Structures are given as structure tokens and as C-alpha cells.
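Undergrad: This is the structure, below, for whatever I ask next.
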Amino acid sequence: MTGEKLSWFWILSWKFITPLYLTFIIITVISFSTKISYLGHEFPLWAILVGWGSCFASIACIPLYMGYRLIYIEKGNLIQRITHSLKPLPDWGPARPQVRFEWTHKTLKYYMEESLADMQDSSLQQFVRLCNNNENR
């Protein structure tokens, strides 16, 4: 979104630390929950169950859709299905054609510049720039 490469901290945090931390919190809250009361009045069991039901109804949508997508939409073995489901669809991006063209051009230019920076051979860099009509020769 900002055009900058993410550091390892954010990737590690979003993929592993945050999901594990949230899972730990949910398990801890469920394990150590006590009777809920307000001003000395304990809520009935049905009210507590309605509260937990509304909590899990919003959370359950994520793994249910994940299972649906892996079983009915994706093709291949389990690893291929998971790998493919983690990638955006080809039509993902801006809907208007002109905006989509500009967005695609800018995105590809960014990745080409990143690739050029990684190349060691200057003649190969010049060749890629010439092929892409890059103005920075």
C-alpha cells in the first residue's frame, strides 16, 4: 500500500505472533470464566450463553469460510489448495479499467526496480531497462 517492503517484524507478527496471542486470550477467557454479575445480581445462564453465542458467531465465519473454500472451490491436493487460497484472485484490484491500468503499471514498475536492484550484472540491468523502456538508463 505504501510501496515499501515490509520488515521481518511485521510478517512474523501478522502470520504467527498475533494469531497465537489471540488464540491464547480466547482459551484463557473461556477456561477461567466465572459467573458474571452486575451490582450483586448474577446473570442467568441463558444470557451468558447468548453473549458467548454472539461472540462465536462473528468469529466462526472465518474458519467456516476457509473450510468451504478449501473443500468446494480450490482444486488440487491439500497443500496446493491452501497455497492457492492464500493468493489474491487475478481480478483483484481496482474495478475501473483506467485506474486498474495505472495501478498495474505502477505495481509492475516497483517490482521491476526491486528486481533490478538485486541484479549484479550491469549489462543484464541495461538489457532489462531497454526491454521495459525505462527512462533511467
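Number 39 in our numbering belongs to position 36 of the sequence shown; there are no gaps in the numbering. Note that the Cβ used here is the ideal one computed from N, Cα and C, for glycine as well. Computed from a predicted model, the values in this text were never measured in an experiment.
What is the rounded straight-line gap between the Cα of Ser-16 and the Cα of Leu-9?
TA: 11 Å
Undergrad: For Val-32 and Thr-26, I'd like the C-alpha separation in whole angstroms.
TA: 10 Å
Undergrad: By Cβ distance below 7 Å, which residues in the same chain neighbour Pro-22 in space, the five residues on each side in sequence not counted?
TA: none
Undergrad: In the DSSP assignment, find the unbroken alpha helix (DSSP H) run with Trp-11 in it and report its ends.
TA: Segment 11-15, the alpha helix (DSSP H) holding Trp-11.
Undergrad: Do you know whose CA, among Ile-29, Tyr-41 and Ser-88, lies nearest Tyr-75's CA?
TA: Ser-88
Undergrad: Which stretch, first to last residue, makes up the alpha helix (DSSP H) that contains Trp-55?
TA: 48-71
Undergrad: Please classify Glu-7: does DSSP put it in a helix, a strand, or coil?
TA: Correct three-state label for Glu-7: coil.
Undergrad: How many Å lie between Ile-14 and Tyr-24 at the Cα?
TA: Going from the Cα of Ile-14 to the Cα of Tyr-24 covers about 15 Å.
Undergrad: How is Ser-34 classed by DSSP in three states: helix, strand or coil?
TA: helix
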